[in-house]
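Numbering of the sequence shown is given in our numbering, commencing with residue -12 and proceeding in unit increments. Virtual Cβ for every residue (Gly too), placed ideally from N, Cα, C. Since the structure comes first, as structure tokens, the remarks are kept for the end.
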Amino acid sequence: MSRPSDPPIAVCDPDRLAALDSYAILDTLPEQGFDDVVRLASRVCDTPVALVSLVAGSRQWFKARTGFPFPQTDLSRSVCAHALTHPGALFVIPDLSEDPRTRDNPLVTASPGIRFYAGAPLRTPGGQVLGTLCVIDYVPRPEGLTAAEAGDLVALARQVMGQFALRRAVAEHQTALRVAQAAEERYRRAAQATRDAIWDWDFSTDHVLWNEALETAYGHAPADVAPTGLWWIDHIHPDDRARIDASVHAVIDGADTIWSDEYRFRRADGSYAHVFDRGSVIRDEAGRAVRMIGAMLDLTERHRAEAERRESERRLALFAEQSSDFIAIADADGQIVYLNQAGRALVGLSEDAARAARLTDVFTPDDLPVAVATILPATRSAGSWSGEFRLRNLATGAVVPVRYSLFALRGAGGAFEGFAAVSHDISARKAAEAQQEILNRELSHRLKNTLAMVQAIAVQTLRNATDPAAAREALVARLVALGKAHDILLTGEGEGADLRAVLDSALAIHDDGRPGRFRLQGPPVPCGARAALSLALMAHELATNAVKYGALRSPDGHVTLDWTITDPADPVLALRWQEHGGPRVTPPSRKGFGSRLIERGLAGTVDGEVATHYPPEGVVCTLTAPLAELRRGE
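This is the structure we're talking about:
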């Protein structure tokens, strides 16, 4: 017996597995909602087996099952894994014993001997397929499912995904609620424990909530305090009031998030306390300040040196936690004793993991020898080191370019006690520099190609010119057509443009305003840069000849320009230019540069074939070219 077929590559798609993990559903206990779904699916489709099957990286696990003995199987026994390659439709195998993907599956060749399978994809809003809601029978079903059964199975699959989403939303809500409750409890305990007057100012209602310290430290009983911002401003010393009012509103009305200042605050007995007040602004998604939370410290009741030290520590911690840079402090051996939130995010460490890490752990392996041999010794001896360096994210493995600064921390007598590290992520700058380099190379390449084309057009136009004015006019018109084609290329994305846009632009300079002079018809066709330029010049030359000698010379004449794509297996563009309603056509006695440009220019660019015919009723020009060559860029 041959071995079962390998599971499809889609099983190990990292984006799909990440989407599955995000629902946190694997190996959870049975739930009534999912059990009800499989019972309904079994009844609706008249099958003995129905499963909510989730395909993980190495197994398939059943969140709910009826009529099936196993809670999970390995991937060699999985039929659902093959359904991942059909994410947009119901996956049906009428006879599993005859399908090459499943005929050697142990569940088919041995007990329980399944024969029929139909699975509706469990697809996330982002398009990732997590598994299927499937029904299974022990006998083949050549007719498969009826339309009603198939529709009901797909509808039940959507209900399963709805249950998944609801389950995840409930879990996230509970987590957020626990976090909010914990934060509220910490805030309440901190407000009770501190002697600082903590305030919470809601800008929408101008309501200010104070903690008990407003009374214990400054004597203002809650019953005597108007809970407004105006009451607070009114209790600032008159000489400080305008300055403080201006400074706090500058932060509120601006983009900053932190306000702090020192001033004199009036106690209940009429005396003034020298206070240091600081607040943090909370902004909504539009950036508008909606709230400010702060604390007022009475400097007059504390020892000045102690107050300054503690305030310095608060400011440092506040800066570090709000900074977007990597900020770390390590002991003399390089063991990290503090790493701010931005730093932990940059190198992929949790708060607990950061306390167990060393500064050198976040260096890339290639850079570690340089750091150990040069950077750390230089910091110990000279006091600092600064330069561009690379850190690594330990969670993702990503390498992050940074501006890295390392400082020596010294204690009494200048003894070395540790390191302070500050790193600024310069990934965006590096990416911009790389992109600019690509753009510079592309600009140089395109400029060279354009200049070569301009040179060829000029040489061919002027080579045998007998009338300088006519030659100058023809050259200018050709260069204008070339310029318009470049405009189309530069307004799009990537290295091409749509065929219709290229033709419209090239023909616009020949349109005299009479309705229906150019009648274009055809499907969207992307063109590479070289093909677009050649097509624009070809259309320009044809239109120029039509204006001088053909259909556009007559007020009632017009041009039809249509194109199709033939042979889907090897697509080919077939384009036809035909003139109508002009003077009677006679073949030219000789071919000028314009005719050679029409017949040879595109052929050399995209391996196309161009032919021009001169029936009496109007000029006909046809073009055929492989679509793959037409799409090719510079």
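For the 8 Å CB-CB criterion, valine 268 and methionine 283 do not form a contact. Per DSSP, the continuous alpha helix (DSSP H) segment holding threonine 531 begins and ends at 516 to 535.
Here glutamine 328 carries a helix assignment [DSSP, helix/strand/coil]. For leucine 120, the uninterrupted beta strand (DSSP E) run begins and ends at 116 to 124, by DSSP.
Burial is judged here by how many other beta carbons sit within 10 angstroms of a residue's own beta carbon; aspartate 183 has at least 16 and is buried. Nearest to arginine 128 by alpha-carbon distance, out of Ala137, Glu136, Arg102, is Arg102. Straight across, the Cα-Cα distance linking leucine 217 with aspartate 271 is about 23 Å. Secondary structure remark: continuous alpha helix (DSSP H) runs of at least 4 residues inside the region 351 to 401, in chain order: 363 to 369. In the displayed model, leucine 140 falls within a helix according to three-state DSSP. Fully contained in the region 33 to 112 are the following alpha helix (DSSP H) runs of length 4 or more, in chain order: 67 to 70, 93 to 96.
When the beta-carbon positions are compared, alanine 144 and alanine 97 stay at least 8 Å from each other. Cβ contact annotation for arginine 377 (same chain, cutoff 6 Å, sequence separation greater than five): Thr351, Asp354, Val386, Pro388, in chain order. Contact between alanine 344 and isoleucine 314 fails: their C-beta atoms lie close to 14 Å from each other, not under 8 Å.
Looking at the DSSP output, aspartate 226 bridges to nothing.
Taking a cut-off of 8 Å on C-beta distances, the region 79 to 91 touches the region 119 to 139, as three or more cross pairs fall below it. Secondary structure of alanine 319 (DSSP, three-state): coil. In the DSSP annotation of this structure, the continuous segment of the beta strand (DSSP E) that includes serine 267 starts and ends at 259 to 270. DSSP links valine 559 through a beta bridge to Thr553, Pro613. By the C-beta density criterion, phenylalanine 306 is exposed, having fewer than 16 other C-beta atoms within 10 angstroms. Beta-bridge annotation (DSSP): glutamate 338 is not paired with any residue.
Non-local beta-carbon contacts of valine 36 in its own chain, meaning distances under 6 Å to residues more than five positions away in sequence, involve Gly54, Phe55, Ile123 in chain order. In the three-state reduction of the DSSP assignment, serine 311 falls in the coil class. Rounded to whole angstroms, the Cβ separation of histidine 527 and glycine 544 is 18 Å, and the two are not in contact under 8 Å. Contact check for aspartate 285 against tyrosine 250 fails: the beta carbons are separated by 8 Å or more. Annotation for tryptophan 564: Leu529, Leu548, Cys608 place their beta carbon closer than 6 Å to its own, counting only its chain and skipping 5 residues before and after.
The C-alpha of isoleucine 185 lies about 6 Å from the C-alpha of tryptophan 197. DSSP, read as helix, strand or coil, puts threonine 15 in coil. For isoleucine 185, the enclosing beta strand (DSSP E) starts and ends at 184 to 189.
The region 81 to 94 makes no contact with the region 9 to 22; the number of CB pairs closer than 8 Å stays below 3.
Residues of the same chain with a CB within less than 7 Å of the CB of threonine 383, apart from the 5 flanking positions on each side, are Gly335 in chain order. For glycine 405, the enclosing beta strand (DSSP E) stretches over residues 403 to 412. Contact between arginine 540 and proline 513 is ruled out by a C-beta separation of about 34 Å, above the 8 Å threshold.
Look at threonine 203 here: in three-state DSSP terms it is helix. Under the DSSP definition of a beta bridge, alanine 276 partners with Arg270. In this structure, the alpha-carbon of glycine 330 lies about 33 Å from that of alanine 43. Assignment of alanine 484 by DSSP, reduced to helix, strand and coil, places it in the strand class.
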